[in-house]
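Take a look at the structure set out below.
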Amino acid sequence: MLNVELIKSGLFTTVQDGGREGYAFYGIPSSGYMDRSAAHIANLLVGNKKDNALIEMNVVGGTFSFDRDCIIAITGADMQASIADIPCKRYQTLIITKGTVLKFKNAVNGMRTYLAVKGTWKIPKIYGSKSTLCIGQNANVAGRILKISDRIQIESLGNVHNTPVVFWPQIPDYISIGTISLTKGPEFTLLKKPKLLSSSYSISRRSDRMGAILNGPVLETQLQETFSSKFLFPGMIQCTPSGKLIVVLQDGQTTGGYPRVGFIPKKELDRFNQLRPGMEFRFRVLD
Amino acid sequence: MKSLSLDGQNFWITPLVEQGFVLTPIDKIINPAEMAQQIQRELQRKSLKHVRDVIATSEEIFISTKRYKKAIKELDKLHFDRPEISEWKIPVWFYDSPDWNNIEAKSSYTKERYIAQISKRKLTIGMMGFLPGFVYLDGLPAEMQVERKSNPVYNPRARVLATGGPYLGIYNLPSPSGWNILGQIPIELLNLKGSQPLPFNISDKLKIEPISEKVFKKITAKKLNIRSYNA
Chain A
1 MLNVELIKSG LFTTVQDGGR EGYAFYGIPS SGYMDRSAAH IANLLVGNKK DNALIEMNVV
61 GGTFSFDRDC IIAITGADMQ ASIADIPCKR YQTLIITKGT VLKFKNAVNG MRTYLAVKGT
121 WKIPKIYGSK STLCIGQNAN VAGRILKISD RIQIESLGNV HNTPVVFWPQ IPDYISIGTI
181 SLTKGPEFTL LKKPKLLSSS YSISRRSDRM GAILNGPVLE TQLQETFSSK FLFPGMIQCT
241 PSGKLIVVLQ DGQTTGGYPR VGFIPKKELD RFNQLRPGME FRFRVLD
Chain B
1 MKSLSLDGQN FWITPLVEQG FVLTPIDKII NPAEMAQQIQ RELQRKSLKH VRDVIATSEE
61 IFISTKRYKK AIKELDKLHF DRPEISEWKI PVWFYDSPDW NNIEAKSSYT KERYIAQISK
121 RKLTIGMMGF LPGFVYLDGL PAEMQVERKS NPVYNPRARV LATGGPYLGI YNLPSPSGWN
181 ILGQIPIELL NLKGSQPLPF NISDKLKIEP ISEKVFKKIT AKKLNIRSYN A
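Chains as they are written, first to last, in the working numbering: chain A, 1 to 287; chain B, 1 to 231.
Laid out in structure tokens, this is it:
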């Protein structure tokens, strides 16, 4: 059994997998990878199933030690990773030898980094998923944010040194994201000036895995005061009475009472979730 | 627009790109949340292969699926039973929440009158969802309804009764809240270790019992859950 130990925890480091299904009725969100595409690639590079559990780091990464040789891959944001203080590359299979330390710093390109380790992660499933779900700092619905000295047990598979080294051909650039496409939402027609939706926005620093609050123009909606609650899913964009947009994310609510003016398609949501707070982008409204 | 009949009730089907589809009742006679609960029950029995999630609201049902047509076929074959309706008592300590100022100003009810009105009514479980363990309660008269806050504010307390738009609601966990907080509940309602996180069925009846701070502390110390409190 391989033990991966956290020596430094980073800003918001959690275990995530392909997410939870079947409990949205009770308000339990899907959770799971914020950048599904990057997480799938990390798992595929180490030979895991694409929806396997892995570690997701936000903005500032952690430091990890390994008590056995193992296979890893790093994808998503560039957190200046190094193995035994030697810089290492993202988007390829990497071999870690016993006792080596893997360090991540702050993200310089993108927002979220994924660390996949080959093998079966010995983490109990809660409602069918190993994904962490924390509502705020106090409510740990499933798992909790990883902290120093936490150990993750992984049942390694196969001979590490016979594993082929695979390179992923395209490394995404998150600095020039620029435009995010959105599909019109069920209450799009309530917008008084729908063209304003295509303006320039940035993600507020008050955002988290539940939702991204957007800084941008004030949008007005025609709204009855007692608008009944409607269903939501990750990517749905709500417009608050004060004219701010909130994008529901992976740990977000399953219903809500603000008009749903649009939703971000899944692939676009992967890119959206790599936008750093303050980075400007525009929405492109799809017909 | 296509339609689907579930247990004799007709729904319009509105597809949503790569997400699933929405079922909206055509005749508006039934409560869609009751139907959604039965779909949820089948989902937990693993008898639906192509439905990933179901979300109930008072006006529509959202079905999350990767296979739109196969999911509709599965729903078409479902047999629906009417669930039993239970009645529950919930104690609430109406503390000095800062939101009472807003509630009194917007509803033109004093706090005392507002509490008296809530407690004499039998409220109905309208839907669940929103956040883990959140419960929407129907039965708030129009003149007592207060709009949601312009921007959500973090509420550090668990198990609070709140109001937002046409509903009363229970937040079982601390979370950002766009609703106005009325009071706190001393008993556990949410069981995240159970296959059914909440004991309620849609359309169950609920009676609010106002309690003092002293009684709140006494009940809290006993660590009761909703079933033991109602036994």
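Ideal Cβ placement from N, Cα and C applies to all residues, glycine included. These numbers were taken from a predicted model, which means no experiment stands behind them.
With a threshold of 16 other beta carbon atoms within 10 Å, F233/A meets it and is buried. Counting only Cβ-Cβ distances below 8 Å, V141/A has contacts in chain B at P132, L173, L192, in chain order. Burial state of V166/A is exposed, judged by a 10 Å Cβ sphere holding fewer than 16 other Cβ atoms. Cβ neighbours of R227/B within its own chain (closer than 8 Å, five residues either side excluded): P199. Of all residues in the stretch 10 to 32 of chain B, only T14, L16, V17, E18, Q19, G20, V22 place a beta-carbon less than 9 Å from a beta-carbon of chain A. The Cβ neighbour count for A142/A, taken over all protein chains shown within 10 Å, is at least 16; the residue is labelled buried. When Cβ-Cβ separations below 9 Å define contact, Q117/B makes no contact with chain A. When C-beta distances to chain B are compared with 9 Å, the residues of the stretch 164 to 185 of chain A below that value are T183, in chain order. Excluding sequence positions up to five before and after R282/A, its CB lies within less than 6 Å of the CB of T179, S200, all in the same chain and listed in chain order.
With a cutoff of 9 Å on beta-carbon distance, I55/B and T183/A are scored as not near each other. Two segments are said to touch when three or more pairs of C-beta atoms, one from each, lie closer than 8 Å; by this definition the stretch 172 to 183 of chain B does not touch the stretch 4 to 14 of chain A.
In this structure, the straight-line span from the alpha carbon of I90/B to that of D99/B is close to 21 Å.
With contacts defined as CB atoms closer than 9 Å, I177/A and Q274/A qualify as a contacting pair. Counting along the chain, R36/A sits inside the alpha helix (DSSP H) bounded by residues 36 to 46. Of all C-beta pairs linking the stretch 51 to 66 of chain A to the stretch 112 to 130 of chain A, three or more are shorter than 8 Å, placing the two stretches in contact.
Taking K244/A as the centre and dropping the five residues before and after it, the same chain places the C-beta of I213, L214 closer than 7 Å to its C-beta, in chain order. Each of I148/A, I171/A, P164/A was checked against the Cα of R271/A, and the nearest Cα belongs to I171/A. Taking 8 Å as the upper bound on Cβ-Cβ separation, chain A lies near no residue of the stretch 200 to 225 of chain B. Interface annotation, Y229/B: not in contact with chain A, CB-CB separation never under 9 Å.
Taking CB atoms only, I237/A has no neighbour in chain B less than 9 Å away. Here Y136/B really is in contact with Y167/B; their C-beta atoms are around 5 Å apart, less than 8 Å. With respect to the 9 Å criterion, T65/B and H50/B are classified as neighbours on the basis of their beta carbons. Distance from L75/B to I39/B at the Cβ level is roughly 7 Å; contact confirmed, criterion being Cβ atoms closer than 8 Å.
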